[in-house]
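Shown next, in structure tokens, is the structure this report addresses.
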Amino acid sequence: MKRSRRLQAGLAGLSVVSALGAAVGLGLTTHTSSSQTSQGTASDTGAAQQASGSGSRSEENDDSTTSSRSHQSSQSNQSSPVSKPANTTPQATTSGS
Amino acid sequence: MTGTTYRFELWTTTAAVVVTDPAVLGTAVDVVRAGLDRVELACSRFRPDSELAGLTPGTHRLSPLLADLVGTALDAAEASGGLVDPTVGSTLRALGYDRSIELLPGDGAPVSLVHHVPGWRRVHLYGDKLELPLGVELDLGATAKARAADLTARAAAEATGAGVLVEAGGDIATAGPPPEQGWQVLVQDSPDDPAGRFTLAAGWAVATSSTVRRAWRRGGVRLHHIVDPRTAAPAAPVWRSATVAAPSCAEANTASTAAVILGHDAATWLADRGYTARLVDQRHRVVRVGAWPQEVAA
Chain A
0 MKRSRRLQAG
10 LAGLSVVSAL
20 GAAVGLGLTT
30 HTSSSQTSQG
40 TASDTGAAQQ
50 ASGSGSRSEE
60 NDDSTTSSRS
70 HQSSQSNQSS
80 PVSKPANTTP
90 QATTSGS
Chain B
0 MTGTTYRFEL
10 WTTTAAVVVT
20 DPAVLGTAVD
30 VVRAGLDRVE
40 LACSRFRPDS
50 ELAGLTPGTH
60 RLSPLLADLV
70 GTALDAAEAS
80 GGLVDPTVGS
90 TLRALGYDRS
100 IELLPGDGAP
110 VSLVHHVPGW
120 RRVHLYGDKL
130 ELPLGVELDL
140 GATAKARAAD
150 LTARAAAEAT
160 GAGVLVEAGG
170 DIATAGPPPE
180 QGWQVLVQDS
190 PDDPAGRFTL
200 AAGWAVATSS
210 TVRRAWRRGG
220 VRLHHIVDPR
230 TAAPAAPVWR
240 SATVAAPSCA
250 EANTASTAAV
260 ILGHDAATWL
270 ADRGYTARLV
280 DQRHRVVRVG
290 AWPQEVAA
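In order, the protein sequences belong to chains A and B.
The numbering of the first sequence is numbering that gives the first Met the number 0, which starts it at 0 and goes up by one.
The numbering of the second sequence is numbering that gives the first Met the number 0, which starts it at 0 and goes up by one.
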């Protein structure tokens, strides 16, 4: 990949958002790069695994050993993008497709 | 159109638009659907009239949207160290995935797994100018849907001023102000898989990659759509699914796809990069990475 591609693709992205906006009668001008790779230094690369709470089908039915494990990263002590749910119906589902 | 949620069929899967203000649902849906239609026309591998389908070896001037989608795919390749490679198009076709998934036969002639993946470094994009070498067939399936979710969520939020969540075949992007209790999301790949619920922070995205869905058979051998570019074969199904949260859906899907390809090394790879993620193994056990919360049953 040539070094110039990312910058120029970013510029092209400005047009993309505008093009999407124009398609529906909008004049959008903002764009954020799609490639903001999260950075972090792992404090644990997977050696430590701990059992976690119950609730999911696998945890209830699993045969014993490692029904749910966790791999801790530096993000663990920061504000997480994912947290416990509110007591309401889910609005969307993430699944493979 | 009433309420805060609108669901519809999309690309042999389902999609949803969720808004925080019921009054703007119709506008948001119009924006999102128009954007998704444009993405499909730009990069569908299965539509003969798509811009991507018309690309032949040589130099091309791409539309701004296809340039963005190809750029996103190349960024994903670079960020993943080549694990998520858009040059797997001809490999997927050789494996039998040569038409929309619902049109594939239940089984077929055996395939030979000697095909190699050309490699993303052979593709050059300068702004909207694409240099596509002979023998390279692009497949943007790993990133285009996620990028579409990012773009359309942002466009709809800009158009309405409301908070918007776009779910495109399980790839979720959010933009604008969130609901009071945050975006509530269910994670479950298939009815056989463990389900969990969580709150997704405003402006974040989440994506799931699966070895269970989009699978077919050739010569009695089960194949799936996530190709390991190192072997030119479907990734070993260590994980049934991998779910990753990230600032953008394109990044989330890049990481979840890479995790599936990495197999046993996935949890460490994700943790090293600070991702919050959830993996489900073949015994339906959940592995949490980073700050993914303990499971709360759906």
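Ideal Cβ positions, reconstructed from N, Cα and C, are used throughout, including at glycine.
Nearest residue (CA-CA) to residue i, options the options
i, options, result
"L68(B)", "D127(B), A204(B), G168(B) and R213(B)", "D127(B)"
"A200(B)", "K83(A), H70(A) and G95(A)", "K83(A)"
"G118(B)", "G140(B), Y125(B) and G88(B)", "G88(B)"
"W215(B)", "L9(B), L103(B) and G262(B)", "L103(B)"
"S62(B)", "L124(B), R196(B) and T267(B)", "L124(B)"
"P292(B)", "L222(B), R282(B) and Y274(B)", "Y274(B)"
"R196(B)", "H283(B), V279(B) and V184(B)", "V184(B)"
"H283(B)", "R32(B), D191(B) and A72(B)", "D191(B)"
"G262(B)", "L82(B), F7(B) and P21(B)", "L82(B)"
"V135(B)", "G57(B), G2(B), G80(B) and W203(B)", "G57(B)"
"H115(B)", "A231(B), D271(B), R272(B) and C42(B)", "A231(B)"
"G281(B)", "A258(B), W268(B) and V237(B)", "A small correction: the amino acid at residue 281(B) is Gln; Gly does not occupy that position in the sequence shown. Checking every option, the nearest Cα to that of Q281(B) belongs to V237(B)."
"R212(B)", "W203(B), A72(B) and S240(B)", "S240(B)"
"D74(B)", "V28(B), T12(B) and A141(B)", "A141(B)"
"G181(B)", "G168(B), R44(B), E166(B) and W203(B)", "W203(B)"
"A154(B)", "G34(B), A167(B), T3(B) and A266(B)", "G34(B)"
"V186(B)", "P177(B), T198(B) and P178(B)", "T198(B)"
"L133(B)", "V122(B), G107(B) and A143(B)", "V122(B)"
"T71(B)", "P47(B), A161(B), C42(B) and R272(B)", "C42(B)"
"D138(B)", "V28(B), A161(B), G80(B) and D97(B)", "D97(B)"
"L129(B)", "R60(B), A108(B) and D36(B)", "R60(B)"
"D20(B)", "A249(B), A158(B), R272(B) and V259(B)", "A158(B)"
"A93(B)", "L112(B), A249(B) and A290(B)", "L112(B)"
Integer-rounded CB distance, given that residue j should sit under 8 Å from residue i
i, j, result
"V286(B)", "A244(B)", "Contact doesn't hold; Cβ gap of about 15 Å is too wide."
"L24(B)", "L131(B)", "Actually they are not in contact, since the Cβ atoms of L24(B) and L131(B) sit about 40 Å apart, beyond 8 Å."
"S189(B)", "S255(B)", "Not really, about 15 Å apart at Cβ, beyond 8 Å."
"A152(B)", "T173(B)", "6 Å"
"A76(B)", "P85(B)", "6 Å"
"V288(B)", "P193(B)", "With 8 Å as the limit, V288(B) and P193(B) do not qualify as a contact, their Cβ atoms being about 15 Å apart."
"R277(B)", "T253(B)", "That pair is no contact at about 16 Å."
"L334(B)", "G105(B)", "Because residue 334(B) is not part of the residues shown, which for chain B are 0 to 297, the question remains open."
"T3(B)", "V17(B)", "6 Å"
"T90(B)", "V226(B)", "5 Å"
"L79(A)", "T12(B)", "According to the sequence as given, residue 79(A) is Ser; it is not Leu. Not confirmed; about 28 Å, so no contact."
Local conformation of residue i per DSSP, three classes
i, result
"G168(B)", "coil"
"W303(B)", "Residue coverage of chain B in this structure runs from 0 to 297, which leaves residue 303(B) outside it and unanswerable."
"V38(B)", "helix"
"R153(B)", "helix"
"G25(B)", "helix"
"A232(B)", "strand"
"G195(B)", "strand"
"V295(B)", "coil"
"G262(B)", "helix"
"R44(B)", "coil"
"W238(B)", "strand"
"R284(B)", "coil"
"W203(B)", "coil"
"V31(B)", "helix"
"A147(B)", "helix"
"T4(B)", "strand"
"D138(B)", "coil"
"Q74(A)", "With a pLDDT of 44 at Q74(A), under the threshold of 50, the modelled position of that residue is not reliable, and no figure is offered here."
"T159(B)", "helix"
"T173(B)", "strand"
What beta strand (DSSP E) runs, 3 residues minimum, are completely inside the stretch 59-129 of chain B?
123-125
Identify each residue in the stretch 270-290 of chain B for which the Cβ-Cβ distance to at least one residue of chain A is less than 8 Å, and report them in chain order.
A270, D271, R272, G273, Y274, T275, V279, R282, H283, R284, V285, V286, R287, V288, G289 and A290
Short of 7 Å Cβ to Cβ, which residues in the stretch 194-206 of chain B face chain A?
A194, G195, R196, F197, T198, L199, A200, W203, V205 and A206
Within 8 Å of chain A by C-beta, residues of the stretch 161-185 of chain B in sequence order
L164, E166, G168, G169, D170, I171, P178, Q180, G181, W182, Q183, V184 and L185
Proximal residues, the stretch 244-263 of chain B versus chain A, C-beta separation under 7 Å
A244, A245, P246, S247, A249 and E250
Given a limit of 7 Å on CB to CB distance, which residues of the stretch 218-235 of chain B reach chain A?
none
Mind listing which residues of the stretch 77-95 of chain B have their C-beta closer than 8 Å to chain A's C-betas, in chain order?
E77 and A78
For the stretch 0-20 of chain B, list every residue whose C-beta sits within 7 Å of some C-beta in chain A, in sequence order.
T4, T12, A15 and V17
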